[in-house]
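0 is the number of the first residue of the sequence shown in numbering that gives the first Met the number 0; add one for each residue after it. All C-beta atoms, glycine included, are put in the ideal place defined by N, C-alpha and C. A quick note: this is a predicted structure, and the numbers were derived from the prediction, not measured.
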Amino acid sequence: MRIAVMILFVINQRTHRLYSMQAWQWSFIFLALSCVFSTPASAAGVEITILKSSDLQAYDEAIEGFKTASPGTAIFVEYDLRGDLERGKQLAQRIRASDSSLVVAVGLKAALAAKFEILDIPILYMMILDPIKHHLTASNMTGVLLEIPSDRQLKMMRSFLPTLHRIGLLYDPEKTSTRLKEAETRASAQDFQVQGFPVTTEKDIPQQLRTLLSESDALWLIPDSTVLTDESIRFILESAVARHVPVIGFSSEFTRLGALLSFSVDYGEVGREAGFLARRLLSGEPPLPLKPIPVQRIRITVNQKTARYLGITIPKELEKLIDEAY
């Protein structure tokens, strides 16, 4: 706008030859110049604030994926909670007073801080397990789920293991009973039988694992911090393979350690899905509130050594779906 005024000032110094021009013509010139010189400001792009729970590589991969799929004119402002929820609340207060059009919360603490302090700016979360459990259901919140839906995993199990019927899960009733119930419901619709074996402390694992391995065709691992610890993971995998029971995991690390196969998400892909969702939110379609969406692309890893030991042959037509084999 300043440039437009300066140009008009220069023009006015030379108007002794143009006094015959009508007033409406001057108004037209001023309006045109204002439009021209105000264009860069409107083209500067929308401001997106990224609030990260801590400095983790997985979070960085998701953020990088998000940026590649976000609007090309977006301006990114980034903050790191450094694992401190109170610091997160202070940062969220600062964001609330900013010009941000969208807040991207990466990780649980970032999402909670944003939920507590930001009510009038859309919040898009990612990299969070079970957001419903943590009550991330405010009307201005949505996100991309980190979990793969149970029914989708079961369909893939059927493809890789056509004769599979009885599936056992180790779970802590205080932490993952909801997930077990969902798996049981989805399994019955696909002619599977899912049975849970409760574990309340790590000491319960050996006995419950022995029972599971004697009654199940496969062991399905789910995220549960009581069941899966640094000490228990290797014991569970080695025990299952020794009993010729295949293990289905949720991370390529499980596959590398001996699980037959794992279905997992690529963190960069989670970010890209969030970026595409951000485009839709910023355009107003669909409007909030909106249910969180599942990630579309799934990463599949297979341990060929385990497959040979168990006498399992991976169907040829499925080999093209495998992202990595060990």
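Apart from the 5 residues on each side of it in sequence, Asp229 has no Cβ closer than 6 Å to any other Cβ in its chain.
Less than 8 Å separates the beta-carbon of Pro291 from that of Gly142.
Here Val301 is bridged, per DSSP, to Leu260, Ala324. Shown here, Phe253 sits in a helix according to DSSP, grouped into three states.
Between Ser261 and Thr200, the C-beta gap is not smaller than 8 Å, which leaves the two residues out of contact. For the pair of segments examined, the region 242–254 was found not to touch the region 189–207: the number of CB pairs separated by less than 8 Å stays below three.
Scanning the region 260–291 from its first residue to its last, the whole alpha helix (DSSP H) runs of 4-plus residues come out as 266–282.
The alpha-carbon separation between Thr225 and Gly310 amounts to approximately 31 Å.
If the five residues before and after Ser99 are omitted, its C-beta is found closer than 8 Å to the C-beta atoms of Glu46, Ile47, Thr48, Val76, Ile120, all from its own chain and listed in chain order. Pairing Arg178 with Gly71, the inter-Cα distance amounts to about 38 Å. Cβ-Cβ distances below 8 Å link Asp54 to Asp79, Arg81 in the same chain, with the five nearest sequence neighbours on each side left out; the list follows chain order. Residue pairing from DSSP places Val105 in a beta bridge opposite Lys51, Met125. The closest CA to that of Ala96, considering only Leu160, Glu116, Val103, is found on Glu116. Burial check for Glu272: the Cβ neighbour count within 10 Å reaches 16 or more, so the residue is buried. DSSP places Phe196 in the uninterrupted beta strand (DSSP E) bounded by 192–197. A distance below 8 Å separates the beta carbons of Pro293 and Pro148. In this chain, the beta strand (DSSP E) harbouring Gly142 covers 140–144.
Taking C-beta atoms under 8 Å as the contact rule, Leu145 and Ile127 qualify, at a distance of about 6 Å. With respect to the C-alpha of Ile232, the residue from Leu212, Gly257, Ser138, Ser176 having the closest C-alpha is Gly257.
By the neighbour-count criterion, in which 16 or more other beta carbons inside 10 Å mark a residue as buried, Ile122 falls on the buried side.
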